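Novice: Here the working numbering is used: position 489 in the sequence shown is 571, and no number is missing along the way.
Every residue, glycine too, gets a C-beta built ideally from N, C-alpha and C.
Bear in mind that the values here come from a model prediction, so they are computed numbers and not experimental data.
Below you'll find the structure I mean.
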Amino acid sequence: MAAKFPEGFFWGGATAANQCEGAWNVDGRGPARTDVTTVGSATEPRYVTVKMPDGSTKKLAGLMFGAMPAGAHGVCLDGEYYPNHEGIDFYHHYKEDIALFAEMGFTMFRMSISWSRIFPKGIEEEPNQAGLEFYRNVFKGLRAYGIEPLVTISHYDTPLYIEEELGGWENREVIELFDRFTETLFREYRGLVKYWLTFNEINSLLMLKLFMPDAPLEFIQGNYQALHNQFVASARAVVRGHAIDPAYQIGCMIAGGPSSYPLTCDPKDILAAQHRNQESFWYSSDVMVRGAYPAFAHRMWRENGVELVMGENDLAELAVGTVDFISYSYYATNCETTHEGVEKDGKGNLVMGAKNPYLQYSDWGWSIDADGLRYTLNEIYGRYGIPVMVVENGLGAADTVEADGSIHDPYRIEYLRAHVQAMAEALDDGVDLIAYTPWGCIDLVAASTGEMHKRYGMIYVDRHDDGTGTFERRRKDSFFWYKKVIESNGSDLS
Ligand code: BG6
């Protein structure tokens, strides 16, 4: 067995506001895009429902990120179900949920702030006090149990007004609005929060085109521009945060790790995988950790027909606003190939690729690859040499509640065990891994499909895809397993 987890290693779990809080129109909160996004399934996409300038309504697929069509306004349509409206009602259950996290022994809890709960449209001068109060209570609740909050400032949660009226992140003005938002948080929660992440899966904007191979040039250009603006906003947040409290530790959060493998040892496949990892992962991490675009960016821009519009000081801001640590979400790996006739039916978190014949796949088609976690940890730490956190990981699976109310989820335990073992190996490899917050430690609304029955939690929530359920919480077998893992600081995985 590899090295033990170091003293003080953070064990916990992760959530996001829009997927768990519910209370979408309560206490002054404004709407976000997820509030006009319908439920989907493994085969049916989620739709963003909008009203067009001519008064017609539309259901738009593939619009989880990227700009809203000009003139479109999000609306809720009769007969459609919007699962994020109520989520798992964490807003009203947070005390009970925190107590359950504490019972498992969590020392860290990753959560996000709903921007529109603090600034309902994103443009207000003054924050919504009720929103600030809610998060203050959550942080205090966590601290009372000695749980360190890890706060994602933006987790797919831009106020809808900014998306509709200002064109979203393609518009540089949003950098200023985000600055006001982050400054408010950094001042309000000083002493309650120490660890921050600026944007969840910031690289997701560049991964969209995998799902839209025929995406028009302006779409691609728009996403590169939006990402650039987010890089600047993130860098500014790092500087702002450190100025407000030098003890703040501010990190980036990037999806997937360099998780594309070559399907064969054909050098062309090696290059294809390298290229995919550069575009999907290193492009973003290099900017945020090293403070500059990597050399390969210039060719990427040229080949994609991208011309970034940069402000005079943007590059200087990127250079000084480098992060204190790097974090990423890790679920699965995929394969790249240049060979004809290979199906790209391997799915995953924002990725697609060829299936790996050596791996098993989940019911949602995501590969299960614990070695890939060790591999990506080594790649990331080897490149940057700064502390790393794995802030999402887990198995989305359907669970059954037995007649006696118990929930047996050996598949989830098996998945998590293998990944904890992989982290132990990576520690032994010398990686400075400091935290593990598996995704959806409590069941919540899936981001890609909007389903409840794609469950990641160690805590079961009685809520279903048709909106029924009592929101009652129950401990799954994995709850007791993870409690033991934490108690033994990762040495008892039985
Ligand atoms: C990541 C996101 O993409 O993966 C989460 O940061 C998301 O918001 C998670 O929930 C798992 O994906 P899904 O689609 O199974 O919920």
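Is there contact here, the segment 370 to 381 with the segment 231 to 247, by at least three beta-carbon pairs under 8 Å?
Specialist: Short answer: they don't touch.
Novice: Which residues in the same chain as LYS350 place their Cβ atom closer than 7 Å to its Cβ, once the five residues preceding and following it in sequence are excluded?
Specialist: Cβ neighbours of LYS350 beyond the five flanking positions: THR420.
Novice: In the structure shown, what three-state DSSP assignment does LEU33 receive?
Specialist: Past the boundaries of the shown model lies residue 33; the chain is included only from 83 to 576, so the question cannot be answered.
Novice: By the three-class DSSP mapping on this structure, what secondary structure does CYS102 have?
Specialist: It is helical.
Novice: For GLY478, is the beta carbon positioned less than 6 Å from some heavy atom of ligand 1?
Specialist: GLY478 Cβ: within cutoff of ligand 1.
Novice: Between which two residues does the beta strand (DSSP E) containing ARG372 stretch?
Specialist: Run containing ARG372: none; DSSP gives neither H nor E here.
Novice: Helix, strand or coil for PRO469? Go by DSSP, reduced to three states.
Specialist: PRO469: coil per DSSP, three-state reduction.
Novice: Have a look at ASP327 and THR346 and give me their C-alpha separation to the nearest angstrom.
Specialist: Approximately 49 Å, taken between the alpha carbons.
Novice: Pick helix, strand or coil for ASN219, following the three-state DSSP scheme.
Specialist: ASN219 falls in the helix class under three-state DSSP.
Novice: Could you tell me if THR577 is buried or exposed, where buried requires 16 or more neighbouring beta carbons within 10 angstroms of its beta carbon?
Specialist: Outside the displayed span of the chain (83 to 576) sits residue 577, for which this structure offers no information.
Novice: Determine the extent of the beta strand (DSSP E) in which SER316 is found, giving its start and end residues.
Specialist: Run containing SER316: none in the beta strand (DSSP E); it sits in the alpha helix (DSSP H), 299 to 326.
Novice: Could you pull out every residue in the same chain whose Cβ sits closer than 8 Å to the Cβ of ILE408, ignoring the five residues on either side in sequence?
Specialist: Here the set comprises GLY333, CYS334, ILE336, SER367, MET370, VAL371, ILE462, TYR466, ILE468, PRO469, VAL470, MET471.
Novice: Should SER411 be counted as a contact of ligand 1 given a C-beta to heavy atom distance under 6 Å?
Specialist: The answer is yes for SER411.
Novice: As a quick exercise: from ASN166, HIS535, PRO209, PHE87, pick the residue whose alpha carbon is nearest that of ASP445.
Specialist: ASP445 has its Cα closest to that of HIS535, out of ASN166, HIS535, PRO209, PHE87.
Novice: Going by other Cβ atoms of all chains shown within 10 Å of its Cβ, with 16 needed for buried, is VAL483 buried or exposed?
Specialist: Flag for VAL483 reads exposed.
Novice: Tell me CYS347's beta-bridge partners as DSSP assigns them.
Specialist: DSSP lists no partner for CYS347.
Novice: Count the other C-beta atoms from every protein chain shown that fall within 10 angstroms of the C-beta of MET505, then say buried if there are 16 or more, exposed otherwise.
Specialist: So MET505 counts as buried.
Novice: Excluding the 5 residues flanking ILE302 on each side, which residues of the same chain have their C-beta closer than 8 Å to its C-beta?
Specialist: So the qualifying residues of the chain are LYS291, ASN386, GLY387, VAL388.
Novice: Considering only heavy atoms of ligand 1, does any lie closer than 6 Å to the CB of ALA319?
Specialist: No.
Novice: Is LYS203 helix, strand or coil when you go by DSSP?
Specialist: In the structure shown, LYS203 sits in coil (DSSP, three-state: anything other than H, G, I, E or B).
Novice: How would you write the range of the beta strand (DSSP E) that THR266 sits in, first residue to last?
Specialist: Here THR266 belongs to no beta strand (DSSP E); instead the alpha helix (DSSP H) covers 255 to 270.
Novice: Between which two residues does the alpha helix (DSSP H) carrying SER560 extend?
Specialist: Element bounds for SER560: 559 to 569.
Novice: In whole angstroms, what separates the C-alpha of THR266 from that of PRO209?
Specialist: When rounded, the distance between both Cα atoms is 8 Å.
Novice: Only counting the same chain, and skipping five residues up and downstream in sequence, which positions put a Cβ closer than 7 Å to that of ALA84?
Specialist: Low per-residue confidence applies at ALA84: pLDDT is 48, beneath 50, and the placement is therefore not dependable, though the value from the model is reported in the following sentence. The residues are ALA506, GLU507, LEU509, ASP510.
Novice: Tell me whether TRP446 sits in a helix, a strand or coil according to DSSP, three-state version.
Specialist: The answer is coil: DSSP assigns TRP446 none of H, G, I, E or B.
Novice: Relative to ligand 1, is the shortest distance from any of its heavy atoms to the C-beta of GLU425 smaller than 6 Å?
Specialist: No, the beta carbon of GLU425 sits no closer than 6 Å to any heavy atom of ligand 1.
Novice: Would you say ARG199 reaches chain B, if we count a Cβ-Cβ gap shorter than 7 Å as a contact?
Specialist: This model lacks chain B altogether; it includes just one protein chain.
Novice: May I ask you to verify whether the segment 119 to 126 touches the segment 531 to 545, counting CB pairs closer than 8 Å and requiring at least 3?
Specialist: The answer is yes - the segment 531 to 545 touches the segment 119 to 126, with three or more Cβ pairs under 8 Å.
Novice: So, helix, strand or coil for ASN416, using DSSP?
Specialist: In the structure shown, ASN416 sits in a strand (DSSP, three-state: E or B).
Novice: In chain order, what residues of the same chain lie with their CB nearer than 8 Å to the CB of VAL157, ignoring the 5 residues before and after it?
Specialist: Taken in chain order, the residues that qualify are VAL118, THR131, VAL132, LYS133, THR139.
Novice: Any heavy atom of ligand 1 closer than 6 Å to the Cβ of GLU311?
Specialist: One detail in the question is off: residue 311 reads as Asn in this sequence, not Glu. Answer for ASN311: no, Cβ out of range of ligand 1.
Novice: What is the residue span of the beta strand (DSSP E) that ARG192 lies within?
Specialist: It spans 190 to 194 - the beta strand (DSSP E) in which ARG192 sits, taken as one unbroken run.
Novice: Is it true that the CB of ALA212 sits closer than 7 Å to the CB of VAL473?
Specialist: No, these two residues do not count as a Cβ contact at 7 Å.
Novice: Using a Cβ-Cβ cut-off of 6 Å (strictly less than) and excluding sequence neighbours within five positions of MET289, which residues of its own chain qualify?
Specialist: Closer than 6 Å at the Cβ level, and outside the excluded window around MET289, lie SER362, LEU432.
Novice: Would you tell me roughly how many angstroms separate the C-alpha atoms of ARG545 and MET392, rounded to the nearest one?
Specialist: About 46 Å.
Novice: On the DSSP bridge list, what partners appear for MET335?
Specialist: BP columns for MET335 point to SER409.
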